[in-house]
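First comes the structure, then the notes that go with it.
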Amino acid sequence: MKSYKKGPHPRARGPDIRGAGNIMHRFANPNRFMRLSQRAVPWFAALTVVLLAAGLYLALVASPADYQQGETVRIMYVHVPSAWMAMFCYSGMAAAAAVGMIWKHPLADLAAKSTAPIGACFTFLALLTGSLWGKPMWGAWWVWDARLTSVLVLFFLYLGYIALNNAFDDPARGAKASSILVLVGFVNVPIIKFSVDWWNTLHQPASIARVEGPAIHASMLWPLLVMAAGFTTYYLWVLLVRMRGEIVAGKIRALRLRQVHGL
Amino acid sequence: MTDFVGRQLVCVRGGRVVFADLGFRVEAGGALVLAGPNGSGKSSLLRLMAGLAHPAGGVLAWGGEDVAGDPATHRARVHYVGHLDAVKPDLTVAENLVFWAALRGGSDGAGARTRTALEAFGIPHLADVPGRYLSAGQRRRLNLARILAAPAPLWLLDEPKTALDTDAAGRVDAAVASHRAEGGMVVMSMHGGSLPEGAVVLDLAAFNAGLEAVGC
Amino acid sequence: MLNPLLILIRRDLRLAVRQGMDSMMALVFFVLAVVLFPFGVGPEANVLARIAAGVIWVAALLASMLALERLFQADYEDGSLELLVLAPVPMEVVVAAKIAAHWLTTGLPLMAAAPLLAVLLGMEAGGFAGLLAALALGTPSLSLIGAVGAALILGSRRGGVLLSLLILPLYIPVLIFGVAAVDAAAGGYALQPHLLVLTGLLLAALALAPWAAAAALRQAVE
Chain E
2 MKSYKKGPHP RARGPDIRGA GNIMHRFANP NRFMRLSQRA VPWFAALTVV LLAAGLYLAL
62 VASPADYQQG ETVRIMYVHV PSAWMAMFCY SGMAAAAAVG MIWKHPLADL AAKSTAPIGA
122 CFTFLALLTG SLWGKPMWGA WWVWDARLTS VLVLFFLYLG YIALNNAFDD PARGAKASSI
182 LVLVGFVNVP IIKFSVDWWN TLHQPASIAR VEGPAIHASM LWPLLVMAAG FTTYYLWVLL
242 VRMRGEIVAG KIRALRLRQV HGL
Chain H
2 MTDFVGRQLV CVRGGRVVFA DLGFRVEAGG ALVLAGPNGS GKSSLLRLMA GLAHPAGGVL
62 AWGGEDVAGD PATHRARVHY VGHLDAVKPD LTVAENLVFW AALRGGSDGA GARTRTALEA
122 FGIPHLADVP GRYLSAGQRR RLNLARILAA PAPLWLLDEP KTALDTDAAG RVDAAVASHR
182 AEGGMVVMSM HGGSLPEGAV VLDLAAFNAG LEAVGC
Chain P
10 MLNPLLILIR RDLRLAVRQG MDSMMALVFF VLAVVLFPFG VGPEANVLAR IAAGVIWVAA
70 LLASMLALER LFQADYEDGS LELLVLAPVP MEVVVAAKIA AHWLTTGLPL MAAAPLLAVL
130 LGMEAGGFAG LLAALALGTP SLSLIGAVGA ALILGSRRGG VLLSLLILPL YIPVLIFGVA
190 AVDAAAGGYA LQPHLLVLTG LLLAALALAP WAAAAALRQA VE
């Protein structure tokens with residue numbers, strides 16, 4: 002009978018470059034993002050420098066020492082924003098993963114992937130400063146305090162995400178698998194937090210001082226908020242730089258594939 | 002009349018556009034043969050048709066309705082034979098086949114359908130042999146027998162004659178012919194060999210070229 | 010839906026029986042891991058009795074995870090998984106069946122061996138009922154949560170190590186309440202609240218895990 006060399010559909014005449022170009026634009030050529038992010042990066046960098054400089058001055062010089070904890074209270078100005086950012090980054094990853102899964106937006110997957118190492122660093126910083134703070138407070142580098150333990154578990158969740166994302170030869174597979182993981186993890190975070198709190202009250206004597214007191218004086222609150230703002234702009238700055246890097250790496254990968262397939 | 006149509010399909014694998022703007026049409030009783038060199042996307046197209054993968058662009062329609070709208074119904078009308086034979090080494094040939102026959106067609110009469118299918122592919126004498134002892138050709142026969150053990154209108158066969166001798170290849174042709182005679186559709190990729198009667202050939206190489214002009 | 014579920018469970022159980030020793034490896038690991046502890050912490054009866062619940066639970070966690078690595082791997086490698094995805098059965102049902110079969114071949118033997126190990130470690134007699142009840146409610150949760158990880162690692166490099174990193178943090182709530190239930194029972198406190206929390210965890214896992222694992226499997230064969 003009849004034999005087609007190109008396409009049995011009357012209008013399908015082999016590859017239509019313009020038609021395919023539209024589709025390509027969506028997943029491989031985020032030029033708009035590259036243009037906009039290039040303009041935004043210096044602003045975020047400048048904001049970060051200004052906020053962190055102001056925050057550090059307020060925290061280390063202008064704010065008073067605590068009447069109980071003395072100078073060691075200044076660790077808080079790094080510890081607390083780090084812990085906030087650790088949670089914020091994980092929530093951000095979950096949101097980005099959901100957007101990536103539902104609307105298949107490639108930038109969302111990139112944002113989740115690029116956030117993970119930053120979030121893991123914030124988490125590590127929170128653990129490290131918590132431990133440094135613990136030594137003078139509790140007399141030990143590590144105490145199985147509910148908060149610190151939850152942050153430690155969060156750190157492992159970050160590591161799992163990063164490991165899964167990098168475990169596949171095809172980056173698209175890694176993005177999809179780790180998106181599912183971060184959503185499962187996000188559902189579990191409150192459950193883990195609840196059980197760790199509960200476990201802690203069961204096993205710890207109540208006499209151990211909480212890291213953060215219930216009330217905080219305005220002279221300490223302002224430096225804390227400025228530092229938190231500085232951490233946030235730092236995150237956005239590094240996020241944009243990392244996403245740009247990922248996009249460039251994707252282009253290199255595409256060039257390599259083209260070499261392999263001889264196109 | 003029922004038909005299976007693809008329009009302006011785009012397939013992306015591992016960040017690479019495998020083919021773009023591809024179209025095809027299979028009618029009831031029709032056969033479509035996919036041709037093209039290695040890497041031209043024959044397997045990828047079959048996986049798109051099966052619903053294992055999703056096209057980056059374009060539409061697959063069954064009887065005018067987009068299959069993405071009701072994937073469960075589409076799965077029920079597809080038989081897919083890929084490169085892997087899905088034979089469990091610890092189950093006998095009959096147990097392997099009865100499982101798939103029962104899962105797709107219900108437990109009732111699965112045993113009888115299994116026997117007929119094994120006979121059609123010339124391996125009824127192996128029914129009690131565990132899968133681990135089968136040769137590559139026998140495993141492939143068993144995998145092909147699976148599509149006879151439970152009926153489905155659309156057969157998607159990826160290089161079905163790999164590892165088969167002339168006897169078995171003839172049995173595949175016979176199965177395809179009788180399936181089409183009953184109004185079934187067959188899409189298969191193949192390297193050489195004789196085309197099924199009245200088959201339409203779709204050369205995928207025509208949809209690969211020129212893609213370097215696109216994108217980044 | 011019930012019929013495909015039974016067909017799938019029967020097939021996995023038959024495979025497990027045919028593989029014999031392979032399916033019992035998790036149980037052997039469980040016993041061995043628990044037996045190592047007296048060598049590590051010394052044979053003092055009161056110390057062992059004090060940590061018995063925790064040791065048994067941690068070993069059960071690890072043993073359950075060890076068996077999970079193969080949950081979808083064999084089907085993935087031989088092409089069966091693609092055909093299961095294409096079967097006219099919701100993927101969630103397929104996942105539920107495989108998890109059920111996994112629990113019957115690992116969770117149940119672990120439960121059977123646990124009282125024996127509790128005797129070895131000299132656990133308080135009152136803790137036995139708590140241990141069994143907690144394992145009965147906890148090990149299905151472990152299988153469910155673990156199935157998500159087992160589905161996610163398909164096709165990855167270094168599946169096994171990766172699985173532990175993904176799954177163990179998510180096991181923490183089950184561990185905490187599982188051990189608390191045993192300790193409460195051994196100490197003569199009310200067992201019920203802990204069992205209720207474990208039931209809650211099980212129901213949450215039952216509602217979420219098959220769905221997430223099915224999504225993971227679909228993208229694994231894509």
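Chains as they are written, first to last, in this note's numbering: chain E, 2 to 264; chain H, 2 to 217; chain P, 10 to 231. Beta carbons: idealized from backbone N, C-alpha and C, even for Gly. Note that this is a predicted model, so its numbers are computed, not measured.
query	result
Neighbourhood of G106/H by C-beta distance below 8 Å, restricted to the same chain and skipping five residues each side	R114, A150, A151 and P152
Through-space distance from G120/E to I209/E, alpha-carbon basis	Residue confidence for I209/E is low, a pLDDT of 41 falling below 50, so the modelled location carries little weight; the figure read from the coordinates is stated next. For I209/E and G120/E, the distance between alpha carbons rounds to 29 Å.
R27/P to L145/H span [Cα, whole Å]	25 Å
Between the CA atoms of I163/E and A190/P - distance to the nearest angstrom	34 Å
Beta-bridge partners of P131/H, as assigned by DSSP	T93/H
Limits of the unbroken alpha helix (DSSP H) element including A87/E	M77 to W104
Close-in-space but distant-in-sequence residues of the same chain around S179/E (CB under 6 Å, 5 per side omitted)	Y162, L165 and N166
Beta-carbon proximity of A96/P to I181/E, cut-off 8 Å	no
Neighbour-count burial assignment, T150/E, 16 or more Cβ in a 10 Å radius	buried
Cutoff 7 Å; reference H106/E; Cβ partners in own chain excluding five residues on either side	V100
Pick from W85/E, M77/E and V183/E that is closest to L59/E, judged by C-alpha positions	M77/E
Residue range of the alpha helix (DSSP H) that includes D87/P	Q82 to D87
Boundaries (first-last residue) of the alpha helix (DSSP H) holding S151/E	A147 to N166
Min CB distance R133/H to chain E below 8 Å	no
Contacting residues, own chain, Cβ-Cβ under 7 Å from D84/P (five flanking each side not counted)	L90 and L93
Length at least 4, wholly inside the stretch 149-207 of chain H: the alpha helix (DSSP H) runs in chain order	167-182
Span of the beta strand (DSSP E) around V13/H	D4 to R14
Beta carbon proximity, K3/E to chain H, threshold 8 Å	Because K3/E carries a pLDDT of 37, less than 50, the predicted location of this residue cannot be relied on, and the following value inherits that uncertainty. So, interface residue.
Inter-residue spacing [alpha-carbon to alpha-carbon] between R8/H and G58/H	9 Å
Alpha helix (DSSP H) segment containing D31/P, residue limits	M30 to V50
Sub-8 Å separation of V152/E and A95/E beta-carbons	no
contact_flag[the stretch 66-81 of chain E, the stretch 237-255 of chain E] where n(CB pairs < 8 Å) is 3 or more	no
Beta-carbon neighbours of L141/P, restricted to chain H and to distances below 8 Å	Residues of chain H passing the Cβ test: none, with the nearest at roughly 32 Å.
The stretch 118-133 of chain P / the stretch 59-67 of chain P touching (three or more Cβ pairs under 8 Å)	yes
Expected contact under 8 Å - CB spacing of I18/P and A109/P to nearest Å	5 Å
Contact with chain H by P97/P, beta-carbon distance below 8 Å	yes
C-alpha distance - S196/E paired with A194/P, whole-angstrom precision	19 Å
Test item: CB-CB of A58/P and E133/P under 8 Å	yes
I24/E at chain H interface by Cβ criterion, 8 Å	Unreliable positioning characterises I24/E in this predicted model, as indicated by a pLDDT of 43, which lies under 50. The coordinate reading is nonetheless provided below. Yes, because at least one Cβ of chain H sits closer than 8 Å to the Cβ of I24/E.
Cutoff 8 Å; reference G22/E; Cβ partners in own chain excluding five residues on either side	Note on G22/E: pLDDT 40, under 50, position unreliable in the model; the coordinate value appears next. Taken in chain order, the list of residues that qualify is empty.
Beta-carbon proximity of V188/H to L53/H, cut-off 8 Å	no
Nearest to A229/E (by Cα), restricted to the options F34/E, P43/E and V81/E	V81/E
Beta-carbon proximity check, L36/P vs L119/P, cutoff 8 Å	yes
For T233/E and L24/P, the rounded distance between their alpha carbons	53 Å
For R26/H: DSSP bridge partner residues	V6/H
Cβ of R142/H within 8 Å of any chain E Cβ	no
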